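Worksheet: the structure to be examined is printed underneath.
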Amino acid sequence: MPEIDPVILEWVTRAKSGDADAFAELLYLFQDPVYNLCYRMLGESGEAEDAAQETFLRVYRNLHRYDTARPFKTWLLSIASNHCIDRLRKRRMQLVSLDDEPTAAALALRSNDPTPEQATVAGELSGYIQTLLLQLDEHYRLAVVYRYWYQYSYAEIADLMGATESAIKSRLHRARKKLAELMEATDRFDLEGEDRLADTLSKGR
Amino acid sequence: MPQERNARQRMMQDAIDGQLSEAMARKLVDMLGSDQSAAREYDRLRRVESLLQRAPQQRAPARLAATIMARLAQRVQAETALADLPPETQQVMMLCLSASMMAMMPMMEAASWLVLNARRDPELLGSVMIETIGWMSLVTDALIQLLEDAENRARSEPEIATATLALTPYLLRSMLDYLDELPLKV
Chain A
16 MPEIDPVILE WVTRAKSGDA DAFAELLYLF QDPVYNLCYR MLGESGEAED AAQETFLRVY
76 RNLHRYDTAR PFKTWLLSIA SNHCIDRLRK RRMQLVSLDD EPTAAALALR SNDPTPEQAT
136 VAGELSGYIQ TLLLQLDEHY RLAVVYRYWY QYSYAEIADL MGATESAIKS RLHRARKKLA
196 ELMEATDRFD LEGEDRLADT LSKGR
Chain B
60 MPQERNARQR MMQDAIDGQL SEAMARKLVD MLGSDQSAAR EYDRLRRVES LLQRAPQQRA
120 PARLAATIMA RLAQRVQAET ALADLPPETQ QVMMLCLSAS MMAMMPMMEA ASWLVLNARR
180 DPELLGSVMI ETIGWMSLVT DALIQLLEDA ENRARSEPEI ATATLALTPY LLRSMLDYLD
240 ELPLKV
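Chains as they are written, first to last, in my numbering: chain A, 16 to 220; chain B, 60 to 245.
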């Protein structure tokens with residue numbers, strides 16, 4: 016389990032006692048990981064933004080429930096993922112198709128943003144991965160997102176998703192197998208194309 | 060041989076996770092050298108791994124933090140305003156909430172009954188869970204919206220709270236009628 020950051024703990028303690036500036040610090044620090052998780056789970060930038068907003072509002076309301084023995088980021092991401100899964104269930108209930116093409120990555124231009132070329136290529140890669148991800152069952156998708164975007168171990172993912180480590184391992188194995196089949200079926204990304212993307216992205220890191 | 064195939068796939072996945080012992084790694088190399096379809100499968104899995112390892116982070120829109128802070132400020136303001144409501148109005152609002160919760164009890168019981176009866180069939184249980192969670196979410200969201208609106212209005216017109224209490228059973232009935240008309244997919 017990752018160590019607890021004392022600075023984050025200090026901000027959480029201050030936010031609990033109503034310090035808006037401390038909450039804003041938490042918000043600025045974690046907005047990207049929360050938004051990314053929502054986007055990867057929901058596949059649409061507008062809905063991801065709504066979900067990220069709702070996540071932070073829930074976090075603010077439930078700060079008193081946060082167990083300081085756990086990393087704050089883990090708790091925050093578990094709230095975001097539960098909210099996204101609720102949204103996906105509601106979406107199914109409302110018979111909205113999940114097959115819509117996901118929008119291309121909308122990268123806001125900031126001072127430390129990649130160059131336009133890198134942004135285009137990153138957007139292309141991001142969009143392609145998103146198309147594949149959206150075809151996975153939501154629990155498989157979440158396991159993949161935790162593993163590859165947040166580098167959580169199997170044990171940490173199991174803790175986050177309330178499952179056993181072997182169940183998570185099996186879920187990830189099946190997800191990778193399914194993704195391999197989907198990649199082969201699309202054959203849009205040949206090896207040469209992947210290498211080109213990798214080269215351009217690595218220049219931006 | 061499905062068992063053999065599963066063992067082979069497990070070995071490949073463990074190799075990708077870097078969890079294969081030296082002896083097993085040698086076994087895998089031998090197998091990949093002698094079985095072309097296994098080698099192709101392993102290559103596909105490695106491509107997936109490589110693609111996911113490079114997956115870029117999606118950054119939050121620049122306005123996100125400011126929007127959240129503005130919404131939080133509004134919420135704090137609303138909570139402060141609610142605390143200023145006359146105690147009688149607050150009590151009536153609490154009664155509204157309790158009445159709504161009681162009225163939902165039969166629906167909760169029906170949902171539990173459905174789930175208990177569907178648990179022998181995993182496919183049916185999955186559909187029932189999706190349906191019941193969907194119903195619950197719809198009704199709960201509608202109630203939250205209704206009570207929030209009533210709280211806002213009660214600030215300017217305290218008698219609205221009583222009217223809300225009187226209307227709650229009819230609104231719940233309407234919601235149930237609406238759910239009744241939805242095509243059941245179970």
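All C-beta atoms, glycine included, are put in the ideal place defined by N, C-alpha and C.
Remember, predicted model here, so these are calculated numbers, not experimental data.
- Contact with chain A is absent for B:Arg67, since none of that chain's Cβ atoms lies less than 8 Å from the residue's Cβ.
- At a C-beta separation below 7 Å, B:Arg64 has no neighbours in chain A, since its nearest C-beta there lies roughly 11 Å away.
- In the three-state reduction of the DSSP assignment, A:Asn77 falls in the coil class, being assigned neither a helical nor a strand state.
- In summary, the residues of the segment 117 to 144 of chain B whose CB is separated from some CB of chain A by less than 9 Å are Gln117, Arg118, Ala119, Pro120, Ala121, Arg122, Leu123, Ala124, Thr126, Ile127, Met128, Arg130, Leu131, Ala132, Arg134, Val135, in the order they occur in the chain.
- A residue is called buried when at least 16 other Cβ atoms come within 10 angstroms of its Cβ; A:His188 meets this threshold and is buried.
- Non-local C-beta neighbours of A:Ala30 in its own chain, meaning closer than 7 Å and more than five positions away in sequence, comprise Ala37, Phe38, Leu41, Leu78, ordered along the chain.
- If you compare the alpha carbons of A:Arg191, A:Leu52, A:Pro21 with that of B:Ile75, the shortest gap goes to A:Arg191.
- Assigned with DSSP and collapsed to three states, A:Glu153 falls in helix.
- The C-alpha of B:Arg134 is placed about 25 Å away from the C-alpha of A:Ile100.
- Nearest CB-CB separation between A:Trp90 and chain B: not below the 8 Å threshold.
- The beta carbon of A:Leu194 is closer than 7 Å to those of Leu147 in its chain, skipping five residues each way along the sequence.
- Just so you know, the alpha carbons of B:Met160 and A:Ala66 end up roughly 26 Å apart.
- Per DSSP, the continuous alpha helix (DSSP H) segment holding A:Ile94 begins and ends at 87 to 108.
- For A:Asn51, the closest C-alpha among the options A:Ala173, A:Leu157, A:Ile172, A:Val27 is that of A:Leu157.
- Residues of chain A with a Cβ closer than 8 Å to the Cβ of B:Gln204 do not exist, since the nearest Cβ in that chain sits about 14 Å away.
- For B:Gln149, the enclosing alpha helix (DSSP H) begins and ends at 146 to 177.
- Fewer than three Cβ pairs drawn from the segment 85 to 104 of chain B and the segment 115 to 127 of chain B lie within less than 8 Å of each other, which leaves the two stretches out of contact.
- Annotated as proximal: B:Arg113 and A:Leu140, with beta-carbon spacing under 8 Å.
- Listed in chain order, the non-local C-beta contacts of A:Arg186 below 6 Å within the same chain comprise Tyr155, Ala158, local neighbours out to five positions each way being set aside.
- If you draw a straight line from the Cα of B:Thr199 to the Cα of A:Ala182, it is about 32 Å long.
- Minimum Cα-Cα distance from A:Tyr167 among the listed residues A:Lys88, A:Ala63, A:Glu69 corresponds to A:Lys88.
- The residues Tyr169, Ala170, Ala173, in chain order, have a CB closer than 7 Å to that of A:Glu180 in the same chain once the five nearest residues on each side in sequence are set aside.
- For A:Glu64, the neighbours in chain B by C-beta distance under 7 Å run, in chain order, Pro120, Leu123.
- Close to chain B, meaning a Cβ-Cβ distance shorter than 9 Å, are the following residues of the segment 91 to 107 of chain A: Asp101, Arg104, Lys105, Arg107.
- Residue environment for B:Lys86: exposed (fewer than 16 other C-beta atoms within 10 angstroms of its C-beta).
- B:Met71 is not a Cβ neighbour of B:Glu108, given a cutoff of 8 Å.
- Contact note: B:Leu104 reaches chain A through Arg191, Lys192, Ala195, using a C-beta cutoff of 8 Å and chain order.
- With respect to B:Pro228, B:Ala162 sits close: the two C-beta atoms are nearer than 8 Å.
- B:Ile219 is outside the set of residues whose beta carbon lies under 8 Å from a beta carbon in chain A.
- In this structure, A:Tyr165 and B:Leu131 do not form a Cβ contact; the two beta carbons are roughly 25 Å apart against a cut-off of 8 Å.
- In the three-state scheme derived from DSSP, where H, G and I count as helix and E and B as strand, A:Gly33 is classed as coil.
- Between the alpha carbons of A:Leu103 and B:Cys155 lies a gap of roughly 30 Å.
- Chain B has no Cβ within less than 8 Å of the Cβ of A:Val27.
- Nearest C-alpha to A:Arg55 among A:Ala95, A:Ala200, A:Lys105: A:Ala95.
- Between B:Met166 and B:Ala209, the C-beta spacing is not below 8 Å.
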